[in-house]
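There are 2 protein chains.
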Amino acid sequence: MKIAMIGGGMVGQTLASKLLAVGHDVTIGIRAATGAELAKPRNYTATLNDWQAATGGKVANFAGAAAGADLVFNATSGLVSLAALRAAGAENLSGKVLIDVSNPLDFSAGMPPFLPAALSERTSVGEEIQKAFPDALVVKAFNTISASVMVDPALVPGVELLIAGNSAAAKTQVADLARQAFGWHGVVDLGDISGARGTEHLMPIWLRLYMTGGSPLVALKIIRG
Amino acid sequence: MKIAMIGGGMVGQTLASKLLAVGHDVTIGIRAATGAELAKPRNYTATLNDWQAATGGKVANFAGAAAGADLVFNATSGLVSLAALRAAGAENLSGKVLIDVSNPLDFSAGMPPFLPAALSERTSVGEEIQKAFPDALVVKAFNTISASVMVDPALVPGVELLIAGNSAAAKTQVADLARQAFGWHGVVDLGDISGARGTEHLMPIWLRLYMTGGSPLVALKIIRG
Chain A
482 MKIAMIGGGM
492 VGQTLASKLL
502 AVGHDVTIGI
512 RAATGAELAK
522 PRNYTATLND
532 WQAATGGKVA
542 NFAGAAAGAD
552 LVFNATSGLV
562 SLAALRAAGA
572 ENLSGKVLID
582 VSNPLDFSAG
592 MPPFLPAALS
602 ERTSVGEEIQ
612 KAFPDALVVK
622 AFNTISASVM
632 VDPALVPGVE
642 LLIAGNSAAA
652 KTQVADLARQ
662 AFGWHGVVDL
672 GDISGARGTE
682 HLMPIWLRLY
692 MTGGSPLVAL
702 KIIRG
Chain B
482 MKIAMIGGGM
492 VGQTLASKLL
502 AVGHDVTIGI
512 RAATGAELAK
522 PRNYTATLND
532 WQAATGGKVA
542 NFAGAAAGAD
552 LVFNATSGLV
562 SLAALRAAGA
572 ENLSGKVLID
582 VSNPLDFSAG
592 MPPFLPAALS
602 ERTSVGEEIQ
612 KAFPDALVVK
622 AFNTISASVM
632 VDPALVPGVE
642 LLIAGNSAAA
652 KTQVADLARQ
662 AFGWHGVVDL
672 GDISGARGTE
682 HLMPIWLRLY
692 MTGGSPLVAL
702 KIIRG
């Protein structure tokens with residue numbers, strides 16, 4: 482499948498690398514795919530030049546990555562996701578499954594980051610993306626765990642994938658891809674895209690658990706009586 | 482032990498009833514303990530007259546309940562907790578363990594409720610209470626589960642109590658009370674009171690799981706790799 486990975490940071494690179502490894506045709510989309518950007522040091526991960534050399538993956542501008550794709554991931558920061566997807570182009574998202582992995586973490590006041598009210602108080606990034614791109618099939622997924630766990634859920638035994646979206650068919654497609662590409666078996670459907678509010682709100686406790694436990698291999702599992 | 486339960490709604494009554502049943506001396510505190518208030522119908526629970534008749538518990542004004550107490554619970558809505566505790570009196574909270582069970586759920590825009598930015602964006606009710614009453618030993622606890630599970634954790638096998646607070650001794654006292662009075666065994670210490678941000682942010686997903694699953698017997702369990 483042709484997949485566009487919007488965002489070339491740690492999450493985007495980790496997801497793209499694994500998707501390439503299992504046979505998909507993946508292009509990472511960044512704002513400006515210039516030589517300087519490809520060589521630029523990135524937080525906690527490789528330069529995009531090194532990533533291309535290691536994986537054989539491609540890098541393009543946002544729109545160039547999204548244009549030919551069958552499926553699109555949003556792996557940008559939730560603070561800039563709407564801008565990045567606008568640059569990718571509504572016409573390049575229309576009718577496609579758009580897997581939104583983002584969280585609106587604002588680090589401007591230091592650690593821990595907070596969820597800015599405009600993107601969290603009565604909404605979520607997932608919902609705002611669906612509103613801005615009504616013809617895309619937005620599925621919120623993978624945003625509750627570390628990048629390493631997204632592509633290898635066996636790292637946290639018992640972890641389940643939490644998904645939300647308005648299209649049942651799109652959610653089935655995401656669950657199938659998650660199983661086939663990354664090995665996810667347990668999937669919990671939280672209902673329509675407003676379920677993204679729940680998963681994005683998990684960030685404060687997840688970050689606290691990461692900090693107090695010293696490891697990102699931590700998750701919250703739903704248990705019932 | 483003499484315990485003040487600030488708040489006479491479903492959560493306050495459920496906690497107070499169980500504490501009475503295991504031998505504590507419990508007074509529910511409400512804003513104005515008048516005859517009309519005691520007879521007033523309450524959401525999802527008994528009138529306070531009926532509660533008194535059924536349990537032998539007492540009801541007083543906020544300050545009257547807190548004045549003689551060894552330990553205080555805040556079981557009011559997080560939207561009004563600061564006002565209720567001010568009415569209880571800083572002098573009646575000073576030096577005492579104050580178990581904050583509240584969540585700042587704003588139902589003014591209908592279901593689902595949202596967390597108002599003033600009490601959640603870069604803070605939490607737990608933190609605001611600790612700031613307003615620096616001489617109280619605030620421990621955030623019990624706010625991530627239904628009232629029935631607070632006093633009977635066996636209803637959701639595997640559930641653990643999530644606590645946060647600045648005083649290690651106060652947290653130990655809360656864990657001991659939770660075990661002795663309610664049967665809690667697993668306790669997860671999230672660190673200082675700012676950990677309350679994490680647990681209060683669990684409400685959106687918890688409410689979503691309650692609505693999609695049709696049962697309040699649901700919780701989020703921390704799992705690690």
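So the protein lines, in turn, are chains A and B. Counting from 482, one number per residue, gives the positions in the first sequence under the working numbering. Counting from 482, one number per residue, gives the positions in the second sequence under the working numbering. C-beta atoms are modelled at their ideal positions from N, C-alpha and C, and glycine is treated no differently. This one's a predicted model, so the numbers in the text were calculated from it and none came from an experiment.
{"Query": "Status (buried if at least 16 other CB within 10 Å, exposed otherwise) for A:Ser696", "Result": "exposed"}
{"Query": "Limits of the alpha helix (DSSP H) - the one that A:Val620 falls within", "Result": "Element bounds for A:Val620: not the alpha helix (DSSP H) but the beta strand (DSSP E), 618 to 621."}
{"Query": "Secondary structure of A:Gly646, DSSP reduced to three states", "Result": "strand"}
{"Query": "Test: A:Phe595 CB closer than 8 Å to a CB of chain B", "Result": "yes"}
{"Query": "Proximity test, Cβ basis, 8 Å: A:Arg512 and chain B", "Result": "no"}
{"Query": "Nearest neighbour of A:Pro685, chosen from B:Leu690, B:Arg689, B:Ala677 [CA to CA]", "Result": "B:Ala677"}
{"Query": "First through last residue of the beta strand (DSSP E) which encompasses A:Met486", "Result": "483 to 487"}
{"Query": "Distance CB(B:Ile509)-CB(B:Val540) smaller than 8 Å", "Result": "yes"}
{"Query": "Close Cβ partners of B:Asn555 (< 8 Å) along its chain, the five nearest in sequence each way excluded", "Result": "Ile487, Gly488, Ser562, Ala565, Leu566, Leu579, Ile580, Asp581, Val582, Ser583, Ile610"}
{"Query": "Cα-Cα separation between B:Gln661 and A:Pro597, rounded to whole angstroms", "Result": "40 Å"}
{"Query": "Pairwise C-alpha distance: B:Ala527 and B:Gly516", "Result": "15 Å"}
{"Query": "Close Cβ partners of B:Glu641 (< 6 Å) along its chain, the five nearest in sequence each way excluded", "Result": "Gly667, Val669"}
{"Query": "Contacts that A:Lys539 makes with chain B (C-beta to C-beta distance below 9 Å)", "Result": "None at all; the shortest Cβ gap to chain B is about 32 Å."}
{"Query": "For B:Lys612, the residue or residues it bridges with in DSSP", "Result": "Beta-bridge pairing links B:Lys612 to no other residue."}
{"Query": "Span separating the alpha-carbon of A:Gly694 from that of B:Leu671", "Result": "9 Å"}
{"Query": "Below-8 Å beta-carbon distance, A:Lys612 vs any chain B residue", "Result": "no"}
{"Query": "Nonlocal neighbours in the same chain, by C-beta distance under 6 Å from A:Asp551, ignoring five residues either side", "Result": "Met482, Lys483"}
{"Query": "A:Arg567, enclosing alpha helix (DSSP H) - first and last residue", "Result": "562 to 569"}
{"Query": "Residues of the stretch 599 to 624 of chain A with Cβ closer than 7 Å to any Cβ of chain C, in chain order", "Result": "No chain C is present in this structure, whose protein chains are A and B."}
{"Query": "Residue burial classification, A:Ser605 (beta-carbon count within 10 angstroms, cutoff 16)", "Result": "buried"}
{"Query": "Extent of the continuous beta strand (DSSP E) run through A:Ala541", "Result": "539 to 542"}
{"Query": "Cα-Cα separation, A:Leu496 to A:Gly591", "Result": "27 Å"}
{"Query": "Between the CA atoms of A:Phe623 and A:Asp657 - distance to the nearest angstrom", "Result": "14 Å"}
{"Query": "Burial state of A:Met631 (16 or more Cβ within 10 Å)", "Result": "buried"}
{"Query": "Whole-Å CB distance - A:Ile704 paired with B:Gly639, under 8 Å assumed", "Result": "5 Å"}
{"Query": "7 Å Cβ shell around B:Thr557 - same chain, five flanking residues per side excluded", "Result": "Ile487, Gly488, Ala565, Ser583"}
{"Query": "Boundaries of the alpha helix (DSSP H) in which A:Leu501 is found, first to last residue", "Result": "491 to 502"}
{"Query": "Cutoff 8 Å: A:Val561 Cβ touching any chain B Cβ", "Result": "no"}
{"Query": "Contact with chain B by A:Val553, beta-carbon distance below 8 Å", "Result": "no"}
{"Query": "Residue interval of the alpha helix (DSSP H) (run including A:Ile686)", "Result": "684 to 694"}
{"Query": "Rounded distance between the beta-carbons of A:Leu683 and A:Leu701, thought under 8 Å", "Result": "6 Å"}
{"Query": "Neighbourhood of B:Met491 by C-beta, 8 Å cutoff - its chain only, sequence neighbours within 5 removed", "Result": "Arg523, Asn524, Tyr525, Thr526, Ala628"}
{"Query": "For B:Lys702, the three-state DSSP class (helix, strand or coil)", "Result": "strand"}
{"Query": "Sequence-distant residues of its chain with Cβ nearer than 7 Å to B:Gly549 (five each side left out)", "Result": "Lys483"}
{"Query": "Integer Cβ distance of B:Thr680 from B:Thr625, believed to fall under 8 Å", "Result": "5 Å"}
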